[in-house]
Amino acid sequence: MDTESRIPTRMGDGELVRMTRSEIRADLEAGTEAAARRAKVPPLTEEELEHLLDIYGSPARFTGVDIGAEVVLSYDGSGMKTIASRRQDLQIYEQWFGADTIELHHVDYSFKPVKAIVPFEAQEMHEVLLRVVAPVQYGAQPNLGLYSRPDGPVPNWSELLPQGQIAEARAAQEDAVPLAVKDMVYVCEAMYEAGADGVDFDTSAAAGDADFQATLLAVEEVRRRCPELGIEVGMSGEFVLGMHGEVEYDGVRLAGLWPREQMKLAVRAGATIFGPVVNVHAGKSCAWNIARACTIVKPCAHEATIPVHMNVGMGVGAVCMTKYPPVDAVCRASRACVDILKVDGL
Amino acid sequence: MTRGMRLPEAKAHVAEKLGVSPGDLSDPVGMNEIREKLGFGRITTFEISHPTQPVAIEAKFNIADVLGVPVNSVRRFETRRVGGAPQSVRARPGGAAT
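This is the structure in structure tokens:
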């Protein structure tokens, strides 16, 4: 007969379930082992697993880091006319939510559509900067897919690949890269001139390795043109998909890179903040997911020479894949990332 | 965020400039007094009766001065205030900026 008390905890899809401390411990062990096998990195130590068990085995509604161990809270996608105008929303993020950095963005959230309205976006950036104290970034996605048909000029590699037209699909991605780089540099430079404190290449590599190559090439050029600009490279997944399979940056093949190698290339290109991502397995518990996330990101966080801001939000970083992430799941994941990974921000 | 400093290094830098310990930086009570003293801006909802104190970009000028950190927005607004026109930063061949 099971005599252990059951603790309320979450599944990766947000479902509230009750598990015993032993079950949570077993999930933590399974999560770190799965990550170690997959990413070919060391599993978490016994001490780290025990600490995660303390965090996830608590029935408390809320948990947090030790006093004095707080980290920077940066926000992608803040200021999206949720309550008022974009600039008023950003003031709210600073004044009411305590955001350490805020981010202006357009609702389309990709560099390509922003290109056409960049004078208006740059003016909005100027107006926002007059009204806040916190550093202001401009955020958008590289989104290489927008350069393929029917949205863009080059053939659609997602249609070519299933037809077995590998060479044509690769050529299409190679043709899209310089177009994306040009747009990203154009938008970033306009924001720099307006006064932006930083730019955020968010959800990088979403379209695969060529998407990541375009991002790194853009970062390199933006760093050259805008020496005092903060540059954040946030990823879209834990693993760079090989949609092309052969593209490189600075002699390194991009397909299949994990967070540590992604970070090293971001540093080489000129980024000043790196945002690793580990996707959530919705069918596993949050305890399983946090052990997996920490295991995958630990080598990246420990070897980084620039700040690491772990992505901890819906569907990533062991936060449930649901529209309204429960605060119990968010605070546990946040504390775990700070305590175990020693990240600089979230 | 522009220098790529990791958090312990960044906290140590700011703490030294402010004459406090790194742990003090996240104490809202102590920091509210320091922010008032140095003109770093505070939560206007509660400090609404201090109309003569710096807020927003005014406070950011003070932060850049005290911390000795280049802040792009501050530099841009300073340039516009003095010169009356935005300074182009488009790189010229060879990397020099105007």
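Residue numbers (our numbering), protein chains in the order written: chain A, 6 to 351; chain C, 18 to 115. Glycine included, each C-beta is placed from N, C-alpha and C at the ideal position.
- With respect to chain A, the C-beta atom of residue 19/C has a partner C-beta closer than 9 Å.
- Taking one beta carbon from each stretch, the region 34 to 50 of chain A and the region 293 to 301 of chain A have 3 or more pairs nearer than 8 Å; the two touch.
- Taking every protein chain shown into account, the CB of residue 20/A has fewer than 16 other CB atoms within 10 angstroms, so this residue is exposed.
- Residue-level contact by beta carbon holds for residue 60/C and chain A, with a gap shorter than 9 Å.
- The beta carbon of residue 283/A is closer than 7 Å to those of 243, 297, 298, 301, 302, 321, 322 in its chain, skipping five residues each way along the sequence.
- Taking the Cα of residue 252/A as reference, the smallest distance to any Cα among 181/A, 44/A, 73/A, 314/A is reached at 181/A.
- Beta-bridge analysis with DSSP links residue 235/A to 203/A.
- Here the alpha carbons of residue 341/A and residue 235/A stand approximately 26 Å from one another.
- For residue 36/A, the enclosing alpha helix (DSSP H) covers residues 26 to 44.
- Listed along chain A, no residue sits closer than 9 Å to residue 68/C by beta-carbon distance, the nearest being about 16 Å off.
- Each residue's CA atom was taken as its position, placing residue 42/C and residue 32/C some 7 Å apart.
- Rounded to the nearest whole angstrom, the C-alpha separation of residue 63/A and residue 12/A is 7 Å.
- For residue 345/A, there is no enclosing alpha helix (DSSP H), as DSSP marks it with neither H nor E.
- With respect to chain A, the C-beta atom of residue 72/C has a partner C-beta closer than 9 Å.
- Three or more beta-carbon pairs separated by less than 8 Å are not found between the region 166 to 181 of chain A and the region 82 to 89 of chain A, which leaves the two stretches without contact.
- Straight-line measurement puts the Cα of residue 58/A at about 9 Å from the Cα of residue 27/A.
- Under the three-state reduction of DSSP output, residue 76/C falls in the helix class.
- Within the same chain, no Cβ atom closer than 8 Å to the Cβ of residue 93/A is found once the five residues on either side in sequence are excluded.
- If you check the CB distance, residue 207/A and residue 145/A come in under 9 Å.
- Secondary structure within the region 232 to 278 of chain A: the beta strand (DSSP E) runs of 3 or more consecutive residues, fully enclosed, are 235 to 240 (chain order).
- Inter-segment contact for the region 188 to 198 of chain A and the region 157 to 167 of chain A is absent: fewer than three beta-carbon pairs are separated by less than 8 Å.
- Judged by DSSP secondary structure, residue 51/C falls within the alpha helix (DSSP H) whose first and last residues are 45 to 55.
- In chain order, 77, 81 place their CB closer than 7 Å to the CB of residue 88/C, counting only its own chain and leaving out the 5 sequence neighbours on each side.
- Non-local C-beta neighbours of residue 268/A in its own chain, meaning closer than 6 Å and more than five positions away in sequence, comprise 279, 305, 309, ordered along the chain.
- It is roughly 18 Å from the alpha-carbon of residue 35/C to the alpha-carbon of residue 75/C.
- Interface annotation, residue 98/C: not in contact with chain A, CB-CB separation never under 9 Å.
- Using a CB distance cut-off of 9 Å, residue 89/C counts as an interface residue toward chain A.
- Within a 10 Å sphere around the beta-carbon of residue 168/A sit fewer than 16 other beta-carbons, which makes this residue exposed.
- The alpha carbon of residue 128/A has as its nearest neighbour, out of 107/A, 143/A, 118/A, the alpha carbon of 143/A.
- When rounded, the separation of the alpha-carbon atoms in residue 73/A and residue 172/A is 54 Å.
- Counting every other CB atom within 10 Å of its CB across the protein chains shown gives residue 19/C a total of 16 or more, marking it as buried.
- The beta carbon of residue 223/A sits closer than 6 Å to those of 186, 189, 190, all from its chain and outside the five residues before and after it, given in chain order.
- Look at residue 128/A here: in three-state DSSP terms it is helix.
- The C-alpha of residue 70/C is placed about 45 Å away from the C-alpha of residue 56/A.
- No Cβ of chain A is located within less than 9 Å of the beta carbon of residue 29/C.
- Taking a beta-carbon distance threshold of 9 Å, residue 92/A does not count as an interface residue toward chain C.
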